[in-house]
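Top line first, the protein sequences correspond to chains A and B.
For what it's worth, UniProt numbering labels the leading residue of the first sequence as 1, then goes sequentially.
For what it's worth, UniProt numbering labels the leading residue of the second sequence as 1, then goes sequentially.
Using N, Cα and C, we set each Cβ at its ideal position, and we do this for glycine too.
Only a predicted model underlies this, so the values are computations on that prediction, with no experimental measurement involved.
One structure below.
2 protein chains.
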Amino acid sequence: MSSLGEFELIAQYFARAHRPLPTQVVLGIGDDCALLQPTPGMQWAISSDMLVSGRHFFADVDPRTLGHKALAVNLSDLAACGATPVGFTLALSLPEANAQWLHDFSQGLFALADAHSCPLVGGDTTQGPLNICITVFGEIPPGQALLRSGAQAGDDIWVSGTLGDAALALHCLWGRDALPAPDLARARQRLEQPSPRVALGQALRGVAHAAADVSDGLLGDLGHILKASKVGADLMAADAMNLIASSAYSTSANGLFDPQSNRTAAVLEYVLSGGDDYELVFTAAPAEREAIAAAGTKSNTRVTRVGTVTSAPGVRVLWPDGSQALGKWASFDHFKAVATPGS
Amino acid sequence: MSSLGEFELIAQYFARAHRPLPTQVVLGIGDDCALLQPTPGMQWAISSDMLVSGRHFFADVDPRTLGHKALAVNLSDLAACGATPVGFTLALSLPEANAQWLHDFSQGLFALADAHSCPLVGGDTTQGPLNICITVFGEIPPGQALLRSGAQAGDDIWVSGTLGDAALALHCLWGRDALPAPDLARARQRLEQPSPRVALGQALRGVAHAAADVSDGLLGDLGHILKASKVGADLMAADAMNLIASSAYSTSANGLFDPQSNRTAAVLEYVLSGGDDYELVFTAAPAEREAIAAAGTKSNTRVTRVGTVTSAPGVRVLWPDGSQALGKWASFDHFKAVATPGS
Numbered sequence: 001m002s003s004l005g006e007f008e009l010i011a012q013y014f015a016r017a018h019r020p021l022p023t024q025v026v027l028g029i030g031d032d033c034a035l036l037q038p039t040p041g042m043q044w045a046i047s048s049d050m051l052v053s054g055r056h057f058f059a060d061v062d063p064r065t066l067g068h069k070a071l072a073v074n075l076s077d078l079a080a081c082g083a084t085p086v087g088f089t090l091a092l093s094l095p096e097a098n099a100q101w102l103h104d105f106s107q108g109l110f111a112l113a114d115a116h117s118c119p120l121v122g123g124d125t126t127q128g129p130l131n132i133c134i135t136v137f138g139e140i141p142p143g144q145a146l147l148r149s150g151a152q153a154g155d156d157i158w159v160s161g162t163l164g165d166a167a168l169a170l171h172c173l174w175g176r177d178a179l180p181a182p183d184l185a186r187a188r189q190r191l192e193q194p195s196p197r198v199a200l201g202q203a204l205r206g207v208a209h210a211a212a213d214v215s216d217g218l219l220g221d222l223g224h225i226l227k228a229s230k231v232g233a234d235l236m237a238a239d240a241m242n243l244i245a246s247s248a249y250s251t252s253a254n255g256l257f258d259p260q261s262n263r264t265a266a267v268l269e270y271v272l273s274g275g276d277d278y279e280l281v282f283t284a285a286p287a288e289r290e291a292i293a294a295a296g297t298k299s300n301t302r303v304t305r306v307g308t309v310t311s312a313p314g315v316r317v318l319w320p321d322g323s324q325a326l327g328k329w330a331s332f333d334h335f336k337a338v339a340t341p342g343s
Numbered sequence: 001m002s003s004l005g006e007f008e009l010i011a012q013y014f015a016r017a018h019r020p021l022p023t024q025v026v027l028g029i030g031d032d033c034a035l036l037q038p039t040p041g042m043q044w045a046i047s048s049d050m051l052v053s054g055r056h057f058f059a060d061v062d063p064r065t066l067g068h069k070a071l072a073v074n075l076s077d078l079a080a081c082g083a084t085p086v087g088f089t090l091a092l093s094l095p096e097a098n099a100q101w102l103h104d105f106s107q108g109l110f111a112l113a114d115a116h117s118c119p120l121v122g123g124d125t126t127q128g129p130l131n132i133c134i135t136v137f138g139e140i141p142p143g144q145a146l147l148r149s150g151a152q153a154g155d156d157i158w159v160s161g162t163l164g165d166a167a168l169a170l171h172c173l174w175g176r177d178a179l180p181a182p183d184l185a186r187a188r189q190r191l192e193q194p195s196p197r198v199a200l201g202q203a204l205r206g207v208a209h210a211a212a213d214v215s216d217g218l219l220g221d222l223g224h225i226l227k228a229s230k231v232g233a234d235l236m237a238a239d240a241m242n243l244i245a246s247s248a249y250s251t252s253a254n255g256l257f258d259p260q261s262n263r264t265a266a267v268l269e270y271v272l273s274g275g276d277d278y279e280l281v282f283t284a285a286p287a288e289r290e291a292i293a294a295a296g297t298k299s300n301t302r303v304t305r306v307g308t309v310t311s312a313p314g315v316r317v318l319w320p321d322g323s324q325a326l327g328k329w330a331s332f333d334h335f336k337a338v339a340t341p342g343s
């Protein structure tokens, strides 16, 4: 534990002099406010997320992965709108001024910030229970933001990347499931170091009708789109099951699914209700399938079609024979669930 | 305690439908991001502050005043830059979803937000130790922001409003000082419901050379200006003493000061080192004295000249006879000090 005061802390670990800043950043850290010059004609997309110890991450998590994740979940919101990152503020409450922790946290944070050319422009540091609040700013041309409210009946429903592995890792860490060590390491990386789909989000401007990021589970976040758009959805259970990456659960590694098996039920639970993957779920007209594929290729991101928007409300999860999979999955709600064992 | 989930909480207490929004707010609460359309040609000023229970406020504070203060300290940063508020995000960590607490907190928050036409545009709610993080956005014409780095030798040093009463209230709540009940109530209002000097900050555009808000104590925050501007200051102790409002300590109510008395030492301590008043300290050329007075009148805010910027570094606190008052006041640092008794 160090005796450094608030301002020295900020200066030492979070002020990065002599780095090239985006043209929008007129004044960064160090004054009462940061000053930013918006690109003429662009709209600003803004999102703020707070991460709390014991709820969004384990108290003993590697601070490097925590720095990554704290920014990643915010960049994921920009991705869901199709916005281009411009900068972010960081407010940090710490139990103590631990130099090693600050070093590692800032390394993880800045590695992701640099990868997205999204500099830290201001913030706050205080003593208290560990809490990380990041507010992120992005730009997007007027009218091109991907909203939750734009889905139309007949749209395809798409998901980026893979889904369910973050929840699988969480269940393993809780002792409710088990994986071989290498598989767990891969799944745990999905939980602790999600990749915000910023490039895909931008590539979907003008193509997708609606989008959201999958932070609370596919059914929950797709549900936000459906509710805002006043539509429903048919999801294809077999295609959804293919979204999980872990070889322990992938249908390609384990043969055909059996709708009656516990394994099938577990995979569907992870994929449909598991939070924390930070992929995108989005809808687009069937005529845009080639454009969606091209957006995936351009952003080097897998995209999978998993269902159809319906005019009838509600969500149906269907097997290929038309029978309905059990459909009472709750979305992951950070106010109800706790990221600690035994809760 | 309620069983409301995250999204219902937000919808119930923080979503305010059908209110007129500033023209810059294209899309408020409810999607992955808020969308704002910057006024053409304007720069954006951004600040983020985090308030922690037991550090920035007492755990049993009236949630109405807490809602006020959480936004006030952020608006105060905009004021210090001379920016016009546009909107803010709120991230809130709560131990439980208490309906009465949320009602009162949101009432205090929105009363101040409405007074400054600064709407809530987005945010986050989660369960955890009580923590409030607000990020605020304002606009200002390019080149007109009041920075810490603009002070020049020969400038007058000015302070808005009154100083020291917030610290006096805190000492009374700690049991280290005492006031009659009505006086304590007034001082406590300064601590718990500070008035961000937003109108004064805007009126000082093009007049003041440098500004900061007084959150950590006059010497500490003036110190930020002096350091950034590479200058020093002579402060007039007698004028500084006049900044305190409490009749128990005001020189006008208690006759002339005595540099040797404990009372004088206490007042200087409160005024020079007491934090949490959220007034502005700013510098301007002596030729601007009439303009400063006009800015005070226009914004209905008292302004007091308390010293002079010097080319020599360091701060001297001087009595009228030129003798130096004891000058080892530390600024209030939220990482070192704790807003609870006995620390």
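By the CB criterion at 8 Å, Q144/A and G206/A fall inside the cutoff. In this structure, the alpha-carbon of A285/A lies about 15 Å from that of L147/A. Among the residues of chain A, none has a CB under 9 Å from the CB of T283/B; the nearest is roughly 14 Å distant.
Here Q43/A is bridged, per DSSP, to I140/A. Residue ranges of uninterrupted alpha helix (DSSP H) with 4 or more members, entirely inside the region 165–208 of chain B and ordered along the chain, are 165–174, 181–192 and 198–203.
Chain-ordered, the chain B residues with CB closer than 7 Å to the CB of G123/A read S48. By the neighbour-count criterion, in which a residue is buried when 16 or more other Cβ atoms sit within 10 angstroms of its Cβ, K230/B is exposed. For T264/A, the uninterrupted alpha helix (DSSP H) segment begins and ends at N262 to S273.
Taking 8 Å as the CB threshold, N131/B lines the interface with chain A.
For a Cβ distance threshold of 9 Å, nothing in chain B lies close to S106/A: the least Cβ distance comes to about 16 Å. The C-beta of S323/A comes no closer than 8 Å to any C-beta of chain B. Remark: C-beta atoms of L36/A and Q43/B approach each other more closely than 8 Å.
For the C-beta of D77/A, the chain B residues within less than 7 Å are, from N- to C-terminus, D32 and C33. Taking 8 Å as the cut-off, the beta carbon of G82/A is found closer than this to the beta carbon of L204/A. A233/A sits away from V159/A, with the two beta carbons spaced by 8 Å or more. A straight-line Cα-Cα distance of about 27 Å links Y249/B and L66/B. A distance below 6 Å between beta-carbons, with the five flanking residues on each side excluded, links R316/A to the following residues of its chain, in chain order: D234 and Q324. Sequence-distant Cβ neighbours of A59/A in its own chain, meaning closer than 7 Å and more than five residues away, are S53. Between H56/B and L109/B a beta carbon distance of about 15 Å is seen, past the 8 Å cut, so the two are scored as non-contacting.
In the structure shown, D49/A falls within a strand segment according to DSSP collapsed to helix, strand and coil.
Not a single CB atom of chain A sits nearer than 8 Å to the CB of V317/B. Per DSSP, W158/A lies in no alpha helix (DSSP H) segment; the continuous beta strand (DSSP E) that holds it begins and ends at D156 to S160. At least one beta carbon of chain A lies nearer than 8 Å to the beta carbon of A145/B. Segment contact: the region 90–110 of chain B against the region 124–142 of chain B, three or more CB-CB distances shorter than 8 Å; contact assigned. Pairing S117/A with P141/A gives a Cβ-Cβ distance that is not under 8 Å.
In this structure, A210/A lies near S149/A, with their beta-carbon atoms less than 8 Å apart. Taking a beta-carbon distance threshold of 8 Å, S93/A counts as an interface residue toward chain B. The alpha carbon of A151/A has as its nearest neighbour, out of A115/A, D49/A and S311/A, the alpha carbon of S311/A. When DSSP states are grouped into helix, strand and coil, F110/B belongs to the helix group. Here T297/A carries a helix assignment [DSSP, helix/strand/coil].
Taking 8 Å as the CB threshold, A15/B stays off the interface with chain A.
Ranking A15/B, R190/B and L222/B by CA distance to the CA of L102/B puts A15/B first. At a cut-off of 8 Å between C-beta atoms, T126/A counts as an interface residue with respect to chain B. Contacts with chain B at 8 Å (Cβ-Cβ) include T135/A.
By a beta-carbon distance limit of 8 Å, D114/A does not contact P63/A. Their separation comes to about 17 Å.
Under DSSP, D124/B forms a beta bridge with A91/B.
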